[in-house]
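For the record, in the sequence shown the residue sitting at position 131 is 131 according to UniProt numbering, with numbers rising by one throughout.
Step one of this worksheet: look at the structure below.
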Amino acid sequence: MSFISYLINGVSLGSIYAIIALGYTMVYGIAKMLNFAHGDVIMIGCYIVFVLMGSFHLNSTVSIIAAVIGCTVLGVVIEKIAYKPLRKASPLAVLITAIGVSYFLQNFALILFGADTKSFTSVVSIPTIKLAGGDLTISGVTIATVISCIIIMAALMIFIKKSKSGQAMLAVSEDKDAAQLMGVNVNKTISLTFAIGSGLAAIAGVLLCSAYPTLSPYTGAMPGIKAFTAAVFGGIGSIPGALIGGILLGVIEILGRAYISSQLSDAIVFAVLIIVLLVKPTGLLGKQVQEKV
């Protein structure tokens with residue numbers, strides 16, 4: 001039963017990584033930018049819920065909705081101020097800017113909330129399920145996380161395939177200039193992509209802090225890096241790849257922590273990524289991109 005428990009915990013953690021990875025993979029697939037400040041948007045969303053529930057005594061549903069709205073607005077503001085002026089800039093300039101935005105958000109949280117780690121109250125009220133005579137337990141947070149991941153992935157796929165905005169995203173991801181010639185508002189589409197990714201980051205952050213109930217200005221840093229790893233693992237730019245990469249990464253991390261070493265679990269995750277990229281540089285579901293001549 002221990003192995004099954006570890007597997008379930010790995011799927012739960014991987015589902016969180018998958019939701020976060022969607023922000024990376026959508027932004028890269030459409031805007032061809034790596035938003036390394038994405039992990040810190042998670043942290044801001046958690047603090048919004050923490051303050052609204054702790055100081056204003058709002059219920060969890062209202063707090064989560066407020067966090068999603070707040071992070072959505074934050075994502076659009078970051079895109080407009082930090083990334084939009086760099087559309088034609090080199091990838092290095094975008095990378096440096098993203099790191100700068102990340103440090104700005106972390107220090108902003110440090111000024112407002114201090115460096116002390118806060119205790120985060122879980123927003124999940126689903127009871128724990130016990131199976132096999134109590135030998136196997138599935139927490140309410142795990143159930144909520146997996147269900148949320150499935151719903152988000154399905155809704156996002158339907159949105160992209162069936163809606164006009166989703167079709168515009170696909171067009172921009174294929175060729176920005178051609179999409180603009182066909183009447184697609186590229187700026188609006190990219191802003192919408194940042195908005196969706198940032199809103200999902202808030203949900204992922206709340207689920208993460210519910211599973212691991214601590215909060216600090218650096219809460220989103222490592223999960224953000226691992227989610228980026230998951231996006232690359234599955235094939236950055238691919239939404240199904242984000243799901244597969246996230247789940248596999250979560251399972252590898254938990255099993256590595258349980259059977260090899262808890263101190264080396266992060267190293268194991270990144271080592272597996274290196275191996276995958278050596279064998280298949282585009283990731284598991286990524287496509288080989290041919291450069292224009």
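Note that CB positions come from ideal geometry on N, CA and C, so glycine has one too.
Since this is a predicted model, take the numbers as computed values, not measurements.
Could you check the C-alpha separation between residue i and residue j for me, to the nearest Å?
i	j	result
residue 105	residue 45	11 Å
residue 54	residue 89	43 Å
residue 281	residue 25	15 Å
residue 223	residue 164	32 Å
residue 4	residue 136	8 Å
residue 317	residue 180	The question about residue 317 has no answer, for the chain in this structure spans 1 to 293.
residue 122	residue 191	31 Å
residue 67	residue 199	8 Å
residue 28	residue 151	22 Å
residue 2	residue 9	11 Å
residue 187	residue 169	11 Å
residue 48	residue 225	22 Å
residue 201	residue 144	16 Å
residue 32	residue 218	26 Å
residue 86	residue 185	18 Å
residue 172	residue 247	28 Å
residue 265	residue 256	5 Å
residue 267	residue 258	14 Å
residue 15	residue 167	26 Å
residue 161	residue 175	17 Å
On the CB-based measure, 16 or more other CB atoms within 10 Å of its CB, does residue i come out buried or exposed?
i	result
residue 228	buried
residue 43	buried
residue 36	buried
residue 194	buried
residue 110	exposed
If residue i and residue j are in contact, beta carbons under 8 Å, what's the gap, nearest whole angstrom?
i	j	result
residue 206	residue 64	6 Å
residue 220	residue 39	4 Å
residue 252	residue 272	6 Å
residue 249	residue 6	No, residue 249 and residue 6 are not in contact; Cβ-Cβ is about 14 Å, not under 8 Å.
residue 197	residue 74	That pair is no contact at about 11 Å.
residue 243	residue 153	5 Å
residue 50	residue 120	6 Å
Looking only at C-alpha atoms, which of the options sits nearest to residue i?
i	options	result
residue 296	283, 159, 272 and 13	The requested residue 296 does not occur in the structure, where the chain is confined to residues 1 to 293.
residue 213	203, 35, 58 and 117	117
residue 91	34, 115 and 10	34
residue 283	154, 36 and 230	230
residue 285	232, 261, 142 and 254	232
residue 114	167, 255, 259 and 216	216
residue 203	274, 124, 57 and 119	124
residue 149	240, 178 and 263	240
residue 142	58, 120, 128 and 277	128
Check your understanding: Would you say the segment 75-85 touches the segment 93-101, given that touching needs at least three Cβ pairs under 8 Å?
Key -> The segment 75-85 and the segment 93-101 touch, with no fewer than 3 CB-CB distances between them shorter than 8 Å.
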